[in-house]
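K.L.:
I'd like to ask you about the structure that follows.
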Amino acid sequence: MSNTKARQGQPSEIELNRRAFRKSRKQKSTLVAILSTLGFAVIAWLSLVNTPGWDRVQKSFFDYDTAVAALPHVLDGLLLNLRVLFFSAIGVLVFGLALALLRTLRSPIFTPIRLLVRGYVDLFRGLPLIIVLYLVGFGIPGLRLEFLGRIPAEVLGTTALILTYSAYVAEVFRAGIEAVHPSQRLAARSLGLTYTQSMRLVVLPQAFRKVAPPLMNDFVSLQKDVGLISVLGAVDAVRGAQIEVAHFANFTPYVVAGLLFVLLAIPTVRLADYVTGRLAKREQAGGVL
Amino acid sequence: MSELGPMILNVKGLQKSFDDKDVLKGIDLELYRGQIVALIGSSGSGKSTLLRCVNLLEEISDGQIFLNDEDISDPQINQDEIRRQVGLVFQAYNLFAHLSIEENITLALRHVKGLSTADAKTKALALLDRIGLAEKADEYPDKLSGGQQQRTAIMRAVALEPTLLLLDEVTSALDPELVGEVLELIRDLKAGGTSILMATHELTFARDVADWVVFLDGGVIIEEGPAKEFFSNPQNPRTIEFLQRLRRRAGDA
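For the protein sequence lines, the chains are A and B, in the order given.
Note that the first sequence covers residues 0 to 288 in numbering that gives the first Met the number 0.
Note that the second sequence covers residues 0 to 252 in numbering that gives the first Met the number 0.
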């Protein structure tokens with residue numbers, strides 16, 4: 000009956016003592032964490048700057064003036080990366096989902112299509128992205144198809160990224176579709192929904208939720224790999240940095256570009272962690288989602 | 000028994016095998032409008048398979064199934080069209096996990112029956128109100144008790160106004176204290192004239208509410224008859240043994 004009393008807003012003496020103890024224990028551990036982190040940071044910093052050769056390393060990789068001078072050019076390039084990222088991501092989602100759906104078709108008529116999709120996925124998951132970039136980026140212009148005109152390098156790069164990443168994402172989607180319990184599909188069909196309706200209204204919405212975390216991981220990968228379009232001559236952040244490196248004979252611009260990519264990735268990584276954590280929590284609570 | 004209405008379901012010589020395992024070995028069954036026919040039998044006797052065959056979720060191996068005199072086992076028939084007329088409720092509810100319980104009901108109303116969003120919502124709320132869940136319309140299935148989920152699942156099927164409602168051991172996954180509310184709903188539906196074919200382990204309920212009881216064992220009908228007679232005076236030794244076993248277990252619990 001002390002339980003009901005506590006719920007009415009008057010915690011017992013014992014509970015108050017427990018709370019006080021927990022609070023002081025928490026404060027103590029926070030304090031310890033702060034002190035140990037500070038101590039470690041100071042030691043790490045001191046040993047770094049006192050290492051022989053640090054001056055040269057700093058000059059070569061972390062030169063402030065070079066960083067400031069290179070930044071505008073690198074940022075300009077990053078805008079191109081973001082554009083490529085935007086169109087690649089959309090292309091990958093659409094094409095990857097289409098591949099996954101084609102692979103789930105059961106009817107014997109679609110056997111050739113299923114085999115084709117499977118071959119595609121096997122091929123592009125195995126092919127190194129850089130080879131696809133070379134083949135598309137240099138190979139297609141090499142065909143001299145007059146009606147296409149001159150295709151910008153970033154468009155060719157985007158195409159190569161979509162081709163490769165769709166193969167991965169298709170597999171993620173397929174796994175998600177298969178992870179939706181068959182009873183859900185059965186229930187949908189028993190209500191008279193057609194195959195397509197069941198897929199669109201019941202299976203896919205649940206599959207999307209299941210694959211959100213792995214999809215975001217692939218998105219983080221894509222964020223970095225958009226830098227590879229520089230090999231086709233597109234002046235993106237990496238290529239911009241490369242030009243600055245050659246100009247200043249100093250590697251700092253690469254570090255600047257690298258840090259910018261990291262900054263770009265952090266929100267996505269955090270979001271992925273958050274979403275994954277939330278889904279895990281729901282599952283632990285016994286929910287189906 | 001008063002005179003029978005038109006025949007809704009007529010199963011003739013139905014056979015179903017999975018690979019080389021014969022699950023149904025020639026089932027004959029009739030169901031007339033407004034009737035409840037109860038299928039009883041131990042698990043593995045073929046009850047669920049029979050229901051799934053009637054809903055065309057399984058391809059049958061031989062025999063014929065007629066719904067309102069139409070041969071629905073004809074592969075040339077539009078199966079989705081037939082499934083619209085035959086509702087099926089599952090043992091594990093199978094509510095759509097990503098939709099609120101109201102949306103669970105409106106989904107097929109909108110996309111199968113073609114109702115507008117507003118009309119579907121009105122109808123869903125009325126149905127939820129009937130089972131006392133109108134306030135929970137926006138809740139997701141995993142927030143509801145098993146009994147509430149199962150009643151919602153029944154309403155999801157009833158919403159389409161099916162010619163025939165199939166209930167597949169709808170109380171078997173429920174806690175004992177939640178069984179009553181679901182059986183009460185089925186009683187209501189019968190009073191409203193719904194034709195029901197149900198697989199069940201609830202013998203008392205079958206005796207009180209069903210018009211006809213069919214005992215399945217090993218894929219064949221061992222014995223059948225009007226509910227009262229079937230339970231008060233079973234003929235076949237296997238029926239007697241089954242009923243005793245089930246009653247003993249119910250007595251123990």
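In this text, a Cβ means the ideal position worked out from N, Cα and C, and glycines have one as well.
Give a yes or no on contact between the segment 5-18 of chain B and the segment 197-212 of chain B, applying the rule of three or more CB pairs nearer than 8 Å.
P.N.:
With contact defined as three or more Cβ pairs closer than 8 Å, the segment 5-18 of chain B and the segment 197-212 of chain B are not in contact.
K.L.:
Taking Cβ-Cβ distances below 7 Å as the criterion, which residues of the segment 63-80 of chain B are in contact with chain A?
P.N.:
Asp79
K.L.:
Output yes or no for whether 8 Å exceeds the beta carbon distance between B:Arg237 and B:Leu184.
P.N.:
no
K.L.:
What is the DSSP secondary structure of B:Asn9, reduced to helix, strand or coil?
P.N.:
In the three-state scheme derived from DSSP, where H, G and I count as helix and E and B as strand, B:Asn9 is classed as strand.
K.L.:
Leaving out five residues before and five after B:Ala152 in sequence, what residues of the same chain have Cβ atoms less than 6 Å from its Cβ?
P.N.:
Val88, Tyr92, Leu94
K.L.:
If you measure beta-carbon to beta-carbon, which residues of the segment 158-187 of chain A are closer than 7 Å to chain B?
P.N.:
Ser182, Gln183, Leu185, Ala186
K.L.:
Just the chain A side, please: which residues come within less than 7 Å of B:Arg83 by C-beta, in chain order?
P.N.:
Gly191
K.L.:
Looking at the C-beta of A:Arg24, does it have a partner C-beta in chain B at a distance below 8 Å?
P.N.:
Judged by the 8 Å Cβ criterion, A:Arg24 is not in contact with chain B.
K.L.:
If you run the structure through DSSP and keep just helix, strand and coil, what is B:Tyr31?
P.N.:
strand
K.L.:
Let me confirm a value: B:Asn77 is counted as buried when at least 16 other C-beta atoms fall within 10 Å, else exposed. Which label applies?
P.N.:
exposed
K.L.:
Across the segment 209-224 of chain A and the segment 257-265 of chain A, are there enough close Cβ pairs to call them in contact, namely three or more that are closer than 8 Å?
P.N.:
yes
K.L.:
Check B:Pro225 in the structure and name its three-state DSSP category.
P.N.:
strand
K.L.:
Verify the CB distance criterion: does B:Leu242 have a CB-CB separation below 8 Å to chain A?
P.N.:
no
K.L.:
Going by other Cβ atoms of all chains shown within 10 Å of its Cβ, with 16 needed for buried, is B:Pro233 buried or exposed?
P.N.:
That one is buried.
K.L.:
Under 7 Å Cβ-Cβ, which residues of chain B neighbour A:Leu200?
P.N.:
Leu106, His110
K.L.:
State yes or no: is the beta carbon of B:Phe204 nearer than 8 Å to at least one beta carbon in chain A?
P.N.:
no
K.L.:
Can you give me the start and stop residues for the alpha helix (DSSP H) that B:Tyr173 sits inside?
P.N.:
First, the amino acid is wrong: residue 173 of chain B is Leu here, not Tyr. Counting along the chain, B:Leu173 falls outside any alpha helix (DSSP H), and DSSP gives it neither H nor E.
K.L.:
In whole angstroms, give me the CA-to-CA distance for A:Ile13 and A:Ser23.
P.N.:
Using only the alpha carbons, I get a separation of about 16 Å.
K.L.:
Based on the DSSP secondary-structure assignment, which residues constitute the bridge partners of B:Lys20?
P.N.:
B:Phe17
K.L.:
At the level of alpha carbons, what is the spacing between A:Phe123 and A:Pro181?
P.N.:
One alpha carbon belongs to A:Phe123, the other to A:Pro181, and they sit about 29 Å apart.
K.L.:
Based on the DSSP output, what are the partners of A:Phe60 in its beta bridges?
P.N.:
Its beta-bridge partners do not exist; DSSP assigns none.
K.L.:
Excluding the 5 residues flanking B:Glu223 on each side, which residues of the same chain have their C-beta closer than 8 Å to its C-beta?
P.N.:
The beta carbon of B:Glu223 sits closer than 8 Å to those of Trp211, Val212, Val213, Phe214, Phe229, all from its chain and outside the five residues before and after it, given in chain order.
K.L.:
Between A:Thr157, A:Val210, A:Arg188, which lies nearest to A:Gly175 when the distance is taken from Cα to Cα?
P.N.:
A:Val210
K.L.:
I'd like the list of long-range same chain contacts for B:Asn67, defined as Cβ closer than 7 Å, with 5 residues on each side in sequence excluded.
P.N.:
Ile7, Thr162
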